[in-house]
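Enquirer:
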Amino acid sequence: DTGVSQDPRHKITKRGQNVTFRCDPISEHNRLYWYRQTLGQGPEFLTYFQNEAQLEKSRLLSDRFSAERPKGSFSTLEIQRTEQGDSAMYLCASSSTQNTEAFFGQGTRLTVV
Amino acid sequence: AQTVTQSQPEMSVQEAETVTLSCTYDTSESDYYLFWYKQPPSRQMILVIRQEAYKQQNATENRFSVNFQKAAKSFSLKISDSQLGDAAMYFCAYRSAGDDKIIFGKGTRLHILP
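Put into structure tokens, the structure is as follows:
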């Protein structure tokens with residue numbers, strides 16, 4: 400068990416470009432979460448999957464954001480037409496039915512210039 | 109909607125001393141879970157301690173313990189014998205038993221003074 404893995408760790412992009420992040424959860428974890436964390440703040444919930452089904456999306460998640468989890472394994476988070484306000488750490492977490500807590504990856508730090 | 113409030117943005121404690129981090133939450137649910145997570149600088153978030161709301165006994169994990177006051181909706185974290193490695197952001201978090209989403213507070217940055 401290698402833990403939750405996120406790729407890339409850092410991404411610098413120009414405003415208006417599209418970016419995609421990947422998350423590989425702990426194997427056999429059926430729940431996968433995406434959070435956004437800005438400097439000095441707590442993680443804000445973005446969206447959540449159970450297996451391949453996206454069960455909940457935060458109202459924070461504008462239509463420029465889309466997440467997928469094909470086949471209920473890894474997940475991708477895409478941000479289209481990035482804005483400077485999208486600069487943040489994007490955290491992925493996973494859990495199983497047996498867990499009450501979530502296990503976090505190291506995050507992808509996005510900087511929009 | 110459930111909310112989690114951490115009123116101490118930063119705290120400092122002398123090495124080997126004891127420190128208590130505060131957390132309050134708001135919910136209309138009766139069955140839920142509470143967590144304290146630790147996020148060291150530039151490192152991933154890890155679970156420190158967990159409390160089930162139906163348990164009256166306060167959770168303990170080595171030097172870490174909680175004071176869970178369900179009626180007051182209070183969930184504080186006590187760190188005994190503070191060590192330099194305890195320096196981190198600490199987040200209080202809530203999850204309803206009927207929901208899989210975890211809600212976090214804004215965090216408390218803990219400094220350990222040598």
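Residue numbers (our numbering), protein chains in the order written: chain A, 400 to 512; chain B, 109 to 222.
Backbone N, C-alpha and C fix where the C-beta goes; we use that ideal spot for every residue, glycine too.
Which of helix, strand or coil does DSSP assign to I431/A?
Expert: In the sequence as displayed, the identity of residue 431/A is Leu instead of Ile. Strand.
Enquirer: Within 10 angstroms of the Cβ of A124/B, are there 16 or more other Cβ atoms? Answer buried if so, exposed if not.
Expert: Answer is exposed; the Cβ neighbour count stays below 16.
Enquirer: Identify whether K214/B lies in helix, strand or coil by the three-state DSSP scheme.
Expert: coil
Enquirer: Taking the alpha carbon of S188/B as the reference point, which residue from V156/B, Y198/B, T126/B, M153/B has its own alpha carbon closest?
Expert: T126/B
Enquirer: Spatial neighbours of P407/A within its chain, please: CB distance less than 7 Å, with the 5 preceding and 5 following residues excluded, ordered by chain position.
Expert: T507
Enquirer: If I follow the unbroken beta strand (DSSP E) through K456/A, where does it start and stop?
Expert: 452-456
Enquirer: Counting only beta-carbon separations shorter than 8 Å, does Y141/B have a partner in chain A?
Expert: yes
Enquirer: When the cut-off is 8 Å and only beta carbons count, does K209/B lie next to chain A?
Expert: yes
Enquirer: Along the chain, where does the beta strand (DSSP E) that runs through D134/B open and close?
Expert: 132-134
Enquirer: My understanding is that H219/B touches S120/B, with C-beta atoms under 8 Å, so please give their C-beta distance in whole angstroms.
Expert: With a Cβ gap of about 4 Å, H219/B and S120/B count as contacting.
Enquirer: Please classify V512/A as buried or exposed, where buried requires at least 16 other C-beta atoms within 10 Å of its C-beta.
Expert: exposed
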